[in-house]
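*Asks:*
Numbering (my numbering), first residue to last: 20 to 187.
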């Protein structure tokens, strides 16, 4: 192999790897799709997002959310947020399974409850003969404390029997 060919190969390999890293950030909604397509789970590991010194409105990742039957899905942004909403609100519960539950709940909810400027996405899980719902609350207007028109995920948590999702 000539030096010119080797340098061209090295350059194209570096470009391909740089594009791959940018195109599939760990823990993104895209990474979930890649895992389903056969990628290893190490590629799609849910690394804790770095929100240190970042503003509340800073987007972390984008999920697809179900809108209505027959309509195309729309984006659902998870932002850094504050202690009252967004990633910082539930960062202590963050894990691979927590992120996977957010993604699954937004993509295929059992029901969607409209509550003022929020949509509550609910997905049923059966755990140890007990019915649980995982819920994701999505703001359709300004996220709390902003007036920029930024929408996004406010909170996400397990909802036990008799909770918001069960009563609707």
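From the three backbone atoms N, C-alpha and C, an ideal C-beta is built for every residue, glycine too. On a predicted model such as this, the values are computed, not experimentally measured, just so you know.
If we count the other Cβ atoms within 10 Å of its Cβ and call it buried at 16 or more, is residue 108 buried or exposed?
*Replies:* Counting Cβ neighbours within 10 Å, residue 108 comes out buried, since at least 16 surround it.
*Asks:* Measuring alpha carbon to alpha carbon, tell me which residue in 179, 88, 89, 110 is nearest residue 69.
*Replies:* When only C-alpha atoms are compared, the closest one is 110.
*Asks:* Grouping DSSP H, G and I as helix and E and B as strand, with all else coil, what is residue 120?
*Replies:* Reduced to three states, the DSSP call for residue 120 is helix.
*Asks:* Take the Cβ of residue 181 as the centre, count every other Cβ of all protein chains shown within 10 Å, and call the residue buried at 16 or more, exposed below.
*Replies:* Classification for residue 181: exposed.
*Asks:* Since residue 137 and residue 155 should fall inside the 8 Å C-beta cutoff, what is the C-beta to C-beta distance between them, to a whole number of angstroms?
*Replies:* Actually they do not touch by this definition, with Cβ atoms about 10 Å apart.
*Asks:* For residue 184, which of helix, strand or coil comes out of DSSP?
*Replies:* Residue 184 falls in the helix class under three-state DSSP.
*Asks:* Taking all protein chains shown into account, do 16 or more other C-beta atoms lie within 10 angstroms of the C-beta of residue 75, making it buried, or fewer, making it exposed?
*Replies:* Looking at its Cβ environment, which holds 16 or more other Cβ atoms inside 10 Å, residue 75 is buried.
*Asks:* Would you please state the rounded distance, in angstroms, between the beta carbons of residue 177 and residue 140? I believe it to be under 8 Å.
*Replies:* Contact flag wrong, Cβ pair sits at about 13 Å.
*Asks:* Residue 89: buried (16+ other C-beta within 10 angstroms of its C-beta) or exposed?
*Replies:* Exposed: under 16 other Cβ atoms inside 10 Å.
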